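For reference, the structure discussed in these notes is given below.
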Amino acid sequence: MKDKLKVYSIGIAAFLLASGLILFSIVSFKNGTFVGSILSIIIAIVVLVFAIAFLKREYKEVKKGFSIHDERSEDIMKKAGSKAYLISLYWILFIGWSSSNGWLYFEDISEATGIGVLGMAILFGLCWVYYNRK
Amino acid sequence: MKTRIKEFRAKYNLTQEDLAKKVGVRRETIVFLEQGKYNPSLQLAFSISKVLKVSVEELFVLK
């Protein structure tokens, strides 16, 4: 029951993230930022596709009576989290450096923060996939 | 680390799923253990050795 709740929670979180990205895309499109709009839609689709595949697999495992977490999955989360945190520092530095150099232009601080957080989330996802396959 | 889990599992006619359920881990963990891609905790190593009725030294070999 607890594991089923975890699967549902992950599903809701993925749905909310995808909805947020789609809303962001609509707002960007109305403001005339087409690149940002298309990028958001692509990320939303990727999130949804991965979430559906992941949830389908996890739901099957939970139904068979397996736990959603064990020592290996927790180990992977710890490794992926620490590596993503370390790389994120360079990512944030890159955003700060390139925006002060004029390579990247942000309307306001919230846009820069959004890009930073999105980059961190993507980095965590990539690190998780890397350690899960290693 | 090299393991002989597959060999002992076959001896008792246990599938990866059966063994995973008995020791309380996911099936993938057993897959990665058998491939030598994951080093288990002492607790898991002893749980597996107890299920397969062998000593830890027989089950896990340091390469």
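Protein sequences appear in the order of chains Y and F. Read left to right, the first sequence gives residues 1 to 134 (the working numbering). Read left to right, the second sequence gives residues 135 to 197 (the working numbering). All C-beta atoms, glycine included, are put in the ideal place defined by N, C-alpha and C. Computed from a prediction, not measured in an experiment: that's the story for all the values here.
Check the Cβ-Cβ distances between Ser-73 of chain Y and every residue of chain F, and say whether any is below 8 Å.
Within the first sequence, residue 73 of chain Y is the residue found at index 73, counting from 1. Interface residue, yes.
Going by CA-CA distance only, name the one from Y:Lys-6, Y:Leu-93, Y:Val-129, Y:Leu-17 that's closest to Ile-41 of chain Y.
Within the first sequence, residue 41 of chain Y is the residue found at index 41, counting from 1. Per the Cα distances, Y:Leu-17.
For the stretch 137 to 164 of chain F, which residues have a CB atom closer than 8 Å to at least one CB atom of chain Y, in sequence order?
Those residues of the stretch 137 to 164 of chain F that come within reach of chain Y (Cβ to Cβ, closer than 8 Å) are Glu-151, Ala-154, Lys-155, Gly-158, Val-159, Arg-160, Arg-161, Glu-162, Thr-163.
Buried/exposed call for Ala-44 of chain Y, threshold 16 Cβ in 10 Å:
Taking the first residue of the first sequence as 1, we reach residue 44 of chain Y at position 44. Counting Cβ neighbours within 10 Å, Ala-44 of chain Y comes out buried, since at least 16 surround it.
Ignore the nearest five residues each way along the sequence and tell me which others in Lys-156 of chain F's own chain have a CB closer than 6 Å to its CB.
In the second sequence, residue 156 of chain F corresponds to position 22, counting from 1. Val-185, listed in sequence order.
Do you know how far the Cα of Arg-161 of chain F is from the Cα of Glu-151 of chain F?
Walking along the second sequence from the start, residue 151 of chain F turns up at place 17. Walking along the second sequence from the start, residue 161 of chain F turns up at place 27. Taking the straight line joining both Cα atoms gives about 6 Å.
For a test of the three-state rule: what should DSSP assign to Val-195 of chain F, helix, strand or coil?
In the second sequence, the residue the question calls residue 195 of chain F occupies position 61. Three-state result, Val-195 of chain F: strand.
Exposure of Thr-149 of chain F, with buried meaning 16 or more beta-carbon neighbours within 10 Å
By one-based count along the second sequence, residue 149 of chain F stands at place 15. Using a 10 angstroms sphere on the CB of Thr-149 of chain F, the tally of other CB atoms stays under 16, which defines it as exposed.
Are there three or more Cβ pairs, one per stretch, closer than 8 Å when the stretch 112 to 127 of chain Y is compared with the stretch 80 to 91 of chain Y?
yes
Along chain F, which residues have their Cβ under 8 Å away from the Cβ of Glu-61 of chain Y?
As a position in the first sequence, residue 61 of chain Y is number 61, starting the count at 1. Near Glu-61 of chain Y (Cβ distances below 8 Å), the residues of chain F are Arg-160, Arg-161.
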